[in-house]
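See below for the structure under consideration.
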Amino acid sequence: MSTFSYPVLVGNPRGASAPIEVKLLVDTGAMFTCLPGSQLEALGLVPQWRVPIVLADGRREDWAAAEILMTIDGRTLHTTCLFGPAGSLPLLGAVSLEQFALSVDPLARALVPARVPMA
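Here it is as structure tokens:
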């Protein structure tokens, strides 16, 4: 398997500032999208709630979260984003991928339309 990053636009739903383009590591093992908190704060976003998380090394923490606007390939939706610590890897998580009805093609290193199960 391979990893890859994908460019997206991230903005404040309240329109406090212009969206920024960021490259997010596509991570289907992460539930939520995550950006360093400083990037979200620069957009005027403030934490709205806290999410209990489990890190890859097994540590348990509570991280702040907020609703953001995300644009992928010209389509814009609201999604949850976690405020990661300084230096954290920006991640595109599974919930955002599902909201955009996208699947991961690891061989082509691409996001592709998903066939969404309804059963």
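When the letters of the sequence shown are read in order and numbered with this note's numbering, they come out as residues 1453 to 1571. The C-beta atom is built at its ideal place from N, Cα and C for all residues, glycine as well. Source: prediction; values computed, not measured.
### Message
Please report the straight-line C-alpha distance between Ser1469 and Leu1461, rounded to a whole angstrom.
### Response
12 Å
### Message
Using a 10 Å radius around the Cβ and a threshold of 16 neighbouring Cβ atoms, would you call Pro1542 buried or exposed?
### Response
buried
### Message
What does DSSP give as the partner residue(s) for Pro1504 in the beta ladder?
### Response
Asp1514
#### Entry: Supposed contact pair Thr1455 and Leu1544 - C-beta distance, whole angstroms, cut 8 Å
Contact flag wrong, Cβ pair sits at about 11 Å.
### Query
When you compare only the Cα positions, how much space is there between Val1498 and Gly1467?
13 Å
### Task
State the start and end residues of the unbroken alpha helix (DSSP H) segment that holds Leu1492.
Unbroken alpha helix (DSSP H) run through Leu1492: 1489–1494.
### Query
Can a CB atom of chain C be found closer than 7 Å to the CB of Ala1494?
Within the model displayed, chain C is absent; a lone protein chain is all it includes.
### Query
Looking at the structure shown, is Val1547 part of a helix, part of a strand, or coil, going by DSSP?
Helix.
### Query
What is the rounded straight-line gap between the Cα of Thr1528 and the Cα of Phe1552?
CA-CA distance, Thr1528 to Phe1552, rounds to 9 Å.
### Reduced DSSP secondary structure (H/G/I, E/B, other) of Asp1557
Collapsing the DSSP output to three states places Asp1557 in a strand.
### Query
If you draw a straight line from the C-alpha of Ser1490 to the C-alpha of Ala1571, how long is it?
For Ser1490 and Ala1571, the distance between alpha carbons rounds to 40 Å.
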